[in-house]
Amino acid sequence: MSPDRRDGPESVSAPSIPDGPESVPSKPEGLQAPNTRLDRAPTSGADLDGLPARILELGEELRREGVKVGTSEMLDAFEVLGEISWTSQDDFREALAATLAKSQEDRRVFELVFDRFFFRAVEIAAAREGVREEDRASLEELSDEQLEDLRAQIAAALRDGSEGAMRDLARMAIAAFAHRQEGSGVIGVDVQRIRRALGLRAEPQPELPQGDPRRDGLPRDALRRFEALLRRELERAQIERTGNLPPSRPLGELDRALPSGPLADLAAVHRVVAQLRRRLATQGMQNRGHRHHAHVDVRRTMRASLQTGGVPVVLKYRPRRPKRPEIYVLCDVSTSVTSASVFFLSVLHALHDTFRKMRSFVFIERISEVTDIFEHERNFRKVSEQISSDAGVADISGYTDYGRVWSEFLVQVEDDLHPRATVIVLGDARTNGRDPRADIFAQIAARAGRTFWLNPEPRLYWNYGDSVIAAYEEFCTAFECWTTAQLEDFVRALTRPVIAAAG
Amino acid sequence: MSVPPSSAPAPLADAPASVADVAAGLRSVGYLPGESTALVSFLATRLGKPVLVEGPAGVGKTELAKALASYLGRELVRLQCYEGLDEAKALYEWNYRKQLLRIQAEASDTGWDAVQEDIFGEEFLLARPLMTAIASEQPVVLLIDEIDKTDQEFEAMLLEVLSDFQISIPELGRVESRTHPIVLLTSNNSRELTEALKRRCLYLWLDYPALEHELEIVRLHTPELSETVARRLVEVIGMVRALDLKKPPSIAESIDWARALLLLGVKEIDTDTFMETMSVIVKHRTDMDVVADRVGLKLSAPADVA
Numbered sequence: 001m002s003p004d005r006r007d008g009p010e011s012v013s014a015p016s017i018p019d020g021p022e023s024v025p026s027k028p029e030g031l032q033a034p035n036t037r038l039d040r041a042p043t044s045g046a047d048l049d050g051l052p053a054r055i056l057e058l059g060e061e062l063r064r065e066g067v068k069v070g071t072s073e074m075l076d077a078f079e080v081l082g083e084i085s086w087t088s089q090d091d092f093r094e095a096l097a098a099t100l101a102k103s104q105e106d107r108r109v110f111e112l113v114f115d116r117f118f119f120r121a122v123e124i125a126a127a128r129e130g131v132r133e134e135d136r137a138s139l140e141e142l143s144d145e146q147l148e149d150l151r152a153q154i155a156a157a158l159r160d161g162s163e164g165a166m167r168d169l170a171r172m173a174i175a176a177f178a179h180r181q182e183g184s185g186v187i188g189v190d191v192q193r194i195r196r197a198l199g200l201r202a203e204p205q206p207e208l209p210q211g212d213p214r215r216d217g218l219p220r221d222a223l224r225r226f227e228a229l230l231r232r233e234l235e236r237a238q239i240e241r242t243g244n245l246p247p248s249r250p251l252g253e254l255d256r257a258l259p260s261g262p263l264a265d266l267a268a269v270h271r272v273v274a275q276l277r278r279r280l281a282t283q284g285m286q287n288r289g290h291r292h293h294a295h296v297d298v299r300r301t302m303r304a305s306l307q308t309g310g311v312p313v314v315l316k317y318r319p320r321r322p323k324r325p326e327i328y329v330l331c332d333v334s335t336s337v338t339s340a341s342v343f344f345l346s347v348l349h350a351l352h353d354t355f356r357k358m359r360s361f362v363f364i365e366r367i368s369e370v371t372d373i374f375e376h377e378r379n380f381r382k383v384s385e386q387i388s389s390d391a392g393v394a395d396i397s398g399y400t401d402y403g404r405v406w407s408e409f410l411v412q413v414e415d416d417l418h419p420r421a422t423v424i425v426l427g428d429a430r431t432n433g434r435d436p437r438a439d440i441f442a443q444i445a446a447r448a449g450r451t452f453w454l455n456p457e458p459r460l461y462w463n464y465g466d467s468v469i470a471a472y473e474e475f476c477t478a479f480e481c482w483t484t485a486q487l488e489d490f491v492r493a494l495t496r497p498v499i500a501a502a503g
Numbered sequence: 504m505s506v507p508p509s510s511a512p513a514p515l516a517d518a519p520a521s522v523a524d525v526a527a528g529l530r531s532v533g534y535l536p537g538e539s540t541a542l543v544s545f546l547a548t549r550l551g552k553p554v555l556v557e558g559p560a561g562v563g564k565t566e567l568a569k570a571l572a573s574y575l576g577r578e579l580v581r582l583q584c585y586e587g588l589d590e591a592k593a594l595y596e597w598n599y600r601k602q603l604l605r606i607q608a609e610a611s612d613t614g615w616d617a618v619q620e621d622i623f624g625e626e627f628l629l630a631r632p633l634m635t636a637i638a639s640e641q642p643v644v645l646l647i648d649e650i651d652k653t654d655q656e657f658e659a660m661l662l663e664v665l666s667d668f669q670i671s672i673p674e675l676g677r678v679e680s681r682t683h684p685i686v687l688l689t690s691n692n693s694r695e696l697t698e699a700l701k702r703r704c705l706y707l708w709l710d711y712p713a714l715e716h717e718l719e720i721v722r723l724h725t726p727e728l729s730e731t732v733a734r735r736l737v738e739v740i741g742m743v744r745a746l747d748l749k750k751p752p753s754i755a756e757s758i759d760w761a762r763a764l765l766l767l768g769v770k771e772i773d774t775d776t777f778m779e780t781m782s783v784i785v786k787h788r789t790d791m792d793v794v795a796d797r798v799g800l801k802l803s804a805p806a807d808v809a
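Going down the list, the sequences are from chains A and B. Numbering follows the numbering used here, in which position 271 of the first sequence is assigned residue number 271; successive positions increment by one, without gaps. Numbering follows the numbering used here, in which position 248 of the second sequence is assigned residue number 751; successive positions increment by one, without gaps.
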């Protein structure tokens, strides 16, 4: 999946430290974990051996990876460890996970850190005690038939996804190839070499004979797991050879990200937009202008009147039921936002999925309503094709003309805009030197209840060159937004101004 | 070796002794827990900490609470969350009608002070789910369902209840829990919950079960269905879930489908049966097209999987 990440220079073994386990205790930099432990808690050194110290270290390591582990979580972790047996690895791991990792993302980081942490802890202990595996060298060189046999076995194990078999086979594969090839010294390279030599690929390989599990391609995640096992075994061998731990690296973005694809991204946008709907429905400005229609809640008024001896002094009103919000979305599809347009369109797509009363427009030089396209077509790919082919945005020069867009928009929706409406603009506010006509935009913002601007450019570039976002920002709230996480920030920020106004 | 001093309450009186006990107990009431589910349930009963259960819709989050309640022989108190849920609906409310009647019945010959003291007694309190759970004589299982549907303010109010198991009523004083309820909060992950709430809970992520596990669940609920059909059914469900759908089929829907197939006396799941009964597991117009396209065709192909 990400071979390049694994080829970091750190995985090259530290050359200066002499071999042999006896040298390890004198080299604190190799023994990173125990060393940091002593630095952090110097007061109770005697107690710091054993499990509590390890758990605290694990907590530290999780914090370093951005998991929010508070003291109360650590206390909980100790508490649960008092309740379960420590002999089952699964129970042990699950119990710690239940207390330390409190979201799916955290859980993923936890798994990675847990594996790495205890792998390292075991290895360093083994290196210190001088425990070595003897059987590795005793494997004899395999003949070609045996090798072919091994290939088939590995492919079958990957197809079935059996973890135990994969682990054993990984060791055999390493041993087999250790005889044939010189190790490159870089673990990531060796992993890929072995994988290639075994002919393991996710893509179908039709040239292989019928019945070979590799013919239809192997499951991608099994392949990734197998690579991880290879890597782990190679690391183990390296640690054994050098009697020294390579320094631990922080997790890369690729490691920690949940497996995702374009569809998963679209799903994530949909999920965020569903939150957006809830926020808009319950906390929007749509209550404006409804104060006069408040209905007296007889029940609660009577109840309140008890305090005044049955005389209804204080009137209680029925809570106002939130009305469905109405949304107007304007989406820039010009070339300057090409990189963000897929994201924008998926936001539009998700918005249409969620809101009934919604009209959407795309614009470049002029504006074009695309509400119908979204309503008639569910498939995201087809929608984007249709928009790019026949949305009719009068793409003469290919340059955005915001002034013209505003005036056309205002003409089209003038009568429909009201305080319950929310206007969202997706664009980079680059006018190509044309008049921004912020005055018309101000009219739009004044008529609509709330106006937001989502800008796909980093805030750093705002108002540089022909970007005129500052002119518009006076009348709306602008957000930097080109990832799902930022979209989520935007949704979260939606509540703030309302709370401020209410308080 | 010294473990930091723990403020853990003593294990609940009826707490099970081991994880295996919990797993067996949940099984005995018709819920097949995964490994982590059994473990976290066990920890919840031992430590008396609330459990936050997250996962996609229809993986048995609510069922878990019901199963726990019936396994432990406790009453289940359920608080269904929704937008705009407030304290009056969740905690307590004064029964104003009764208060009114009381005033009218006694107004003529009693002084104001006596009446006032009278009408704010426990007799006039309408206990809502949280209050019921806390004031109950018998230990209960409290299920706070779909906590992500409420607003953050409500979450903040919950904190007090969840950490101290007590409720303050201005007119009455403090109501403290007599027994320790087991609290389960469920969330569909549609909103990020606050850190403060998460910190007080154990975390359990429930996902769609693995194939074998789901097969076991289906077999448990429809023992009459033949093994081969059940296996095929679970495989098809797995295929459907792998697609990008608006609403992937839940475990409950697999069971419904199994029952439907049983009623129809189906011996084998082929394209026709699938098309006819698909509506049991797929409930969106657009999803149906996708599923018919992808899975329906696959079924018609000769079974080269075997």
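Even glycine gets a Cβ: it sits at the ideal position worked out from N, Cα and C.
Boundaries (first-last residue) of the beta strand (DSSP E) holding residue i
i	result
residue 358/A	358 to 363
residue 440/A	Where residue 440/A is concerned, there is no enclosing beta strand (DSSP E), although the alpha helix (DSSP H) it sits in stretches over 438 to 447.
residue 72/A	Counting along the chain, residue 72/A falls outside any beta strand (DSSP E), though it belongs to the alpha helix (DSSP H) covering 71 to 81.
residue 703/B	That residue, residue 703/B, is in no beta strand (DSSP E); it is neither H nor E in DSSP.
residue 676/B	676 to 679
residue 721/B	Residue 721/B -> not in any beta strand (DSSP E); alpha helix (DSSP H) instead, spanning 714 to 724.
residue 314/A	Here residue 314/A belongs to no beta strand (DSSP E), and DSSP marks it neither H nor E.
residue 93/A	Residue 93/A -> not in any beta strand (DSSP E); alpha helix (DSSP H) instead, spanning 89 to 100.
residue 226/A	First-last for residue 226/A: 220 to 242, but that is the alpha helix (DSSP H), not the beta strand (DSSP E).
Proximity to residue i [Cα-Cα], best of the options
i	options	result
residue 125/A	489/A, 50/A, 448/A	50/A
residue 373/A	361/A, 365/A, 367/A, 366/A	361/A
residue 53/A	65/A, 349/A, 78/A, 439/A	78/A
residue 685/B	540/B, 671/B, 550/B	550/B
residue 336/A	66/A, 269/A, 414/A, 428/A	428/A
residue 363/A	353/A, 350/A, 409/A	409/A
residue 667/B	528/B, 655/B, 731/B, 680/B	680/B
residue 109/A	76/A, 401/A, 59/A	59/A
residue 371/A	334/A, 116/A, 330/A, 342/A	330/A
Boundaries of the alpha helix (DSSP H) in which residue i is found, first to last residue
i	result
residue 609/B	599 to 609
residue 817/B	Outside the modelled stretch of chain B, which goes from 504 to 809, sits residue 817/B, for which no answer is possible.
residue 371/A	371 to 376
residue 402/A	402 to 413
residue 189/A	187 to 198
Reduced DSSP secondary structure (H/G/I, E/B, other) of residue i
i	result
residue 41/A	The predicted position of residue 41/A is uncertain, since its pLDDT is 37 and thus under 50; no value can be drawn from it.
residue 708/B	strand
residue 646/B	strand
residue 596/B	strand
residue 631/B	coil
residue 429/A	coil
residue 694/B	coil
residue 740/B	helix
residue 421/A	strand
residue 258/A	Low confidence applies to residue 258/A: its pLDDT is 44, below 50, so where it sits in the model is not reliable, and the reading given next is rough at best. Three-state DSSP puts residue 258/A in coil, outside helix and strand.
residue 129/A	helix
residue 333/A	coil
residue 162/A	coil
residue 583/B	strand
If we require 4 or more residues per run, which alpha helix (DSSP H) segments fall completely within the segment 519 to 576 of chain B? 522 to 531, 538 to 550, 564 to 575
Listed in chain order, which residues of the segment 73 to 87 of chain A have Cβ atoms closer than 9 Å to some Cβ of chain B? 73, 74, 75, 76, 78, 79, 80, 81, 82, 83, 84, 85
Taking a cut of 7 Å between CB atoms, which residues from the segment 685 to 701 of chain B lie near chain A? 693, 694, 698, 701
Tell me which residues of the segment 146 to 168 of chain A have at least one Cβ-Cβ distance to chain B shorter than 8 Å, keeping chain order. none
Select from the segment 90 to 111 of chain A all residues with a C-beta closer than 7 Å to any C-beta belonging to chain B, and list them in chain order. 90, 91, 94, 95, 98, 99, 101, 102, 104, 107
Listed in chain order, which residues of the segment 591 to 605 of chain B have Cβ atoms closer than 8 Å to some Cβ of chain A? 597, 599, 602, 603
Got a sec: which bits of the segment 731 to 761 of chain B sit with their beta carbon under 7 Å from any beta carbon on chain A, in order along the chain? 747
What are the complete alpha helix (DSSP H) segments, minimum 4 residues, inside the segment 748 to 796 of chain B? 754 to 767, 774 to 780, 788 to 794
If you measure beta-carbon to beta-carbon, which residues of the segment 522 to 551 of chain B are closer than 8 Å to chain A? 522, 538, 539, 542, 543, 545, 546, 549, 550
Between the segment 440 to 474 of chain A and chain B, which residues of the former have a C-beta closer than 7 Å to a C-beta of the latter? none
If the cut-off is 8 Å on Cβ atoms, which residues from the segment 706 to 722 of chain B count as contacting chain A, listed in chain order? 706, 707, 708
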